[in-house]
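J.:
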Ligand SMILES: Cc1cc2nc3c(=O)[nH]c(=O)nc-3n(C[C@H](O)[C@H](O)[C@H](O)COP(=O)(O)OP(=O)(O)OC[C@H]3O[C@@H](n4cnc5c(N)ncnc54)[C@H](O)[C@@H]3O)c2cc1C
Ligand SMILES: Nc1ncnc2c1ncn2[C@@H]1O[C@H](COP(=O)(O)O)[C@@H](O)[C@H]1O
């Protein structure tokens with residue numbers, strides 16, 4: 001079986017969950033190898049984690065360039081490793097950066113790319129990727145017909161399954177291109193964690209929209225989320241108003257989520273919002289307006305004021321749980 | 323010397339319409355009316371702002387797309403861009419992102435540029451990778467997904483909101499940037515702008531003009547294939563209850579019945 005390279009996303013010295021999902025998917029189409037770039041001293045523990053989830057080999061490259069310059073150093077590294085390993089496929093997380101790295105690597109390898117896959121399977125003519133398109137109104141399957149398939153996969157495509165493997169380290173010394181130092185990272189401010197589940201990883205999400213009315217209004221949304229152990233989402237209207245951080249935005253230009261349960265509060269259900277949440281398993285809506293389009297896609301809806309409905313619901317959940 | 327700012331805009335099917343695939347598995351561009359991709363309005367806006375703050379600059383809108391894509395160019399011209407360049411060729415039907423990036427790379431070199439400003443993603447294909455591919459092909463820095471952008475003294479800098487961090491990026495011109503929908507509301511064309519746009523020059527170029535071999539683009543030159551496209555069954559509305567003081571309780575009952583609590 002050929003090597004499938006997985007670019008391991010990490011932050012604060014820890015593997016991010018989507019990378020473990022990719023390792024799990026990689027096993028369906030070949031033999032997973034992890035690529036760990038710029039992890040410094042954390043490389044050891046990241047290697048161990050990758051091995052636990054099936055990485056037979058772990059390519060490790062470290063250089064100041066990975067942190068100091070944007071995108072291209074990682075493109076140089078991944079393309080170099082892919083060529084040397086004669087990889088049969090590359091899997092990368094569908095983040096803004098992940099997609100850009102993957103696309104440039106694909107171009108260098110003369111290979112086709114599929115972005116934003118929600119599933120990957122083995123097929124006779126190479127990996128088959130499933131994508132959700134046109135605001136999730138269509139599901140398409142695609143294959144790469146030229147070169148080494150490069151596929152970027154959205155978070156939550158599968159649940160990570162451990163499958164211990166050797167995780168043999170291969171240290172790589174990267175030859176950087178002239179373009180590597182073209183875009184300087186002048187400063188970096190890490191996002192502070194809210195302590196709540198990540199939006200793209202959560203099984204349940206409670207969201208608020210313009211109907212929440214003010215930043216303070218989000219406390220009823222957060223309290224409901226906390227009673228369920230859910231992540232908090234927001235519509236673009238709420239984010240644009242400055243009531244909630246952009247990192248929590250759900251929709252076309254925010255995160256696309258697919259949780260088991262999505263509770264939309266004070267959200268009308270515009271196409272751009274639906275694009276980010278309509279593949280959720282169960283959808284619930286609370287809205288004052290009985291005509292709100294969000295009810296068309298809800299499994300259960302309450303026509304009412306969210307400031308009445310949510311606190312009552314939160315109290316009930318707490319009562320049932322204790 | 324005058325600064326040349328190119329802004330790349332795409333003509334896309336209206337997202338609020340009923341978008342579909344045709345039989346050859348490409349986007350059906352007839353089923354739904356097209357328009358200037360809303361996310362590219364932000365690119366036009368930032369290009370205009372950079373030009374205005376710089377003084378001596380020219381904003382040129384560039385598109386690759388069918389004849390109707392002139393509507394997208396017109397809109398950008400009526401917002402204030404100075405002139406437009408349109409590449410339209412029958413052989414381009416079904417071109418993938420690599421083909422598109424090769425055509426646009428030739429095109430922007432043909433026109434000449436100091437700065438290329440793109441949107442964050444097209445609202446139809448929505449890959450969000452074209453700006454990076456363009457930078458790769460042109461061998462210039464990419465400064466992408468910016469919520470804030472400025473050009474000063476031949477240097478472009480901006481703020482990028484990533485999943486795990488916010489970064490300040492900086493590169494020397496020439497460069498390719500892309501801006502997000504957080505970069506600032508796009509202006510509405512004024513009546514004067516709309517009238518003026520009618521007189522602004524639009525240059526048409528086909529693949530021959532750009533020296534591009536038709537075999538490398540279009541459906542046949544694509545490196546990926548869509549094998550199946552299935553409409554997702556529309557979600558059906560479930561029960562909707564009116565809150566008579568017990569809305570929260572009834573919602574709790576529903577969640578319990580679905581084993582969420
Ligand atoms: C290119 C583009 C990209 C976009 N990307 C996104 C995106 O990623 N995500 C996104 O969400 N949007 C996006 N939008 C914006 C989208 O079109 C809508 O404007 C936005 O989703 C509306 O947010 P909302 O539902 O919170 O607000 P509104 O549409 O104003 O709806 C508010 C709702 O709250 C209800 N309400 C008010 N008060 C209460 C109360 N006390 N109790 C209960 N209900 C109440 C009202 O009845 C109403 O239905 C995008 C738009 C464009 C053009
Ligand atoms: N056919 C096109 N013509 C001009 N610009 C384009 C075209 N396709 C994409 N772009 C630009 O590239 C950006 C990202 O597109 P995409 O990678 O297709 O999501 C868009 O916002 C546009 O600025």
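Protein chains in written order, with this note's numbering: chain Z, 1 to 322; chain B, 323 to 583.
Note that the Cβ used here is the ideal one computed from N, Cα and C, for glycine as well.
#1: Cβ of residue 75/Z versus every heavy atom of ligand 2: is any distance shorter than 7 Å?
#2: Answer with yes or no whether the minimum CB distance from residue 400/B to chain Z is below 8 Å.
#3: Give the secondary structure of residue 510/B by DSSP, where H, G and I count as helix, E and B as strand, and everything else as coil.
#4: Rounded C-beta distance between residue 501/B and residue 441/B? I'm assuming under 8 Å.
#5: Could you tell me if the beta carbon of residue 453/B falls within a distance shorter than 7 Å of some heavy atom in ligand 2?
#6: If contact is defined by three or more beta carbon pairs under 8 Å, each pair taking one atom from either stretch, is the stretch 227-241 of chain Z in contact with the stretch 291-298 of chain Z?
#7: Examine the Cβ distances between the stretch 344-358 of chain B and the stretch 386-400 of chain B and report whether three or more of them are shorter than 8 Å.
#8: Less than 8 Å between the CB atoms is what I'm expecting for residue 53/Z and residue 163/Z, so what's the real figure, rounded?
#9: Closest to residue 213/Z by CA distance: which of 305/Z, 50/Z, 280/Z is it?
#10: Mind checking if residue 180/Z is an interface residue toward chain B, Cβ cutoff 8 Å exclusive?
#11: Return the residues of the stretch 59-92 of chain Z that lie within a Cβ-Cβ distance of less than 7 Å from chain B, sorted by chain order.
#12: If I measure Cβ to Cβ from residue 476/B and keep anything under 7 Å in the same chain, skipping five residues before and after, which residues do I get?
#13: At 3 residues or longer, what runs of the beta strand (DSSP E) sit wholly inside the stretch 460-487 of chain B?
#14: Compute every distance between the C-beta of residue 332/B and the non-hydrogen atoms of ligand 4, then say whether any falls below 7 Å.
#15: Is the CB-CB distance between residue 29/Z and residue 120/Z below 8 Å?
#16: How many Å lie between residue 85/Z and residue 3/Z at the Cα?
#17: If we count Cβ pairs, one from each stretch, closer than 8 Å, do we get three or more for the stretch 402-412 of chain B versus the stretch 510-523 of chain B?
#18: Relative to the C-alpha of residue 529/B, which candidate in 432/B, 396/B, 374/B, 362/B has its C-alpha closest?
#19: Give me the residue from 144/Z, 178/Z, 118/Z with the minimum Cα distance to residue 157/Z.
#20: Identify which residue in 9/Z, 24/Z, 72/Z has its Cα closest to the Cα of residue 331/Z.
#21: Measuring alpha carbon to alpha carbon, tell me which residue in 5/Z, 40/Z, 215/Z, 274/Z is nearest residue 556/B.
#22: Could you have a look at residue 57/Z and say whether DSSP puts it in helix, strand or coil?
#23: With 8 Å set as the bound, which would you pick, yes or no: does the beta-carbon of residue 458/B sit closer than that to a beta-carbon of chain Z?
#24: Run through the DSSP bridge pairs and tell me what residue 525/B is partnered with.
#25: Can you check the stretch 431-461 of chain B for any alpha helix (DSSP H) of at least 4 residues that lies completely inside it and give the ranges in chain order?
#26: Using a Cβ-Cβ cut-off of 8 Å (strictly less than) and excluding sequence neighbours within five positions of residue 370/B, which residues of its own chain qualify?
#27: Taking Cβ-Cβ distances shorter than 7 Å, what residues in chain Z pair up with residue 554/B?
#28: Taking one C-beta from the stretch 180-192 of chain Z and one from the stretch 54-74 of chain Z each time, how about it: are there three or more such pairs within less than 8 Å?
#29: Taking the straight line between their C-alpha atoms, what separation do you get for residue 531/B and residue 435/B?
#30: Does DSSP put residue 318/Z in a helix, in a strand, or in coil?
#31: Return yes when the Cβ of residue 417/B is within less than 8 Å of the Cβ of residue 333/B, no when it is not.
#32: Are any of the Cβ atoms in chain Z nearer than 8 Å to that of residue 538/B?
T.: This is what the structure gives:
#1: no
#2: no
#3: coil
#4: 7 Å
#5: yes
#6: no
#7: yes
#8: 7 Å
#9: 305/Z
#10: no
#11: 70, 71
#12: 494, 495
#13: 464-474, 477-483
#14: The model depicted lacks ligand 4 and carries ligand 1 and ligand 2 instead.
#15: yes
#16: 7 Å
#17: yes
#18: 432/B
#19: 118/Z
#20: Outside the modelled stretch of chain Z, which goes from 1 to 322, sits residue 331/Z, for which no answer is possible.
#21: 274/Z
#22: strand
#23: yes
#24: 407/B
#25: 452-460
#26: 381, 401, 402, 403, 509
#27: 136, 137, 138, 139
#28: yes
#29: 18 Å
#30: helix
#31: no
#32: no
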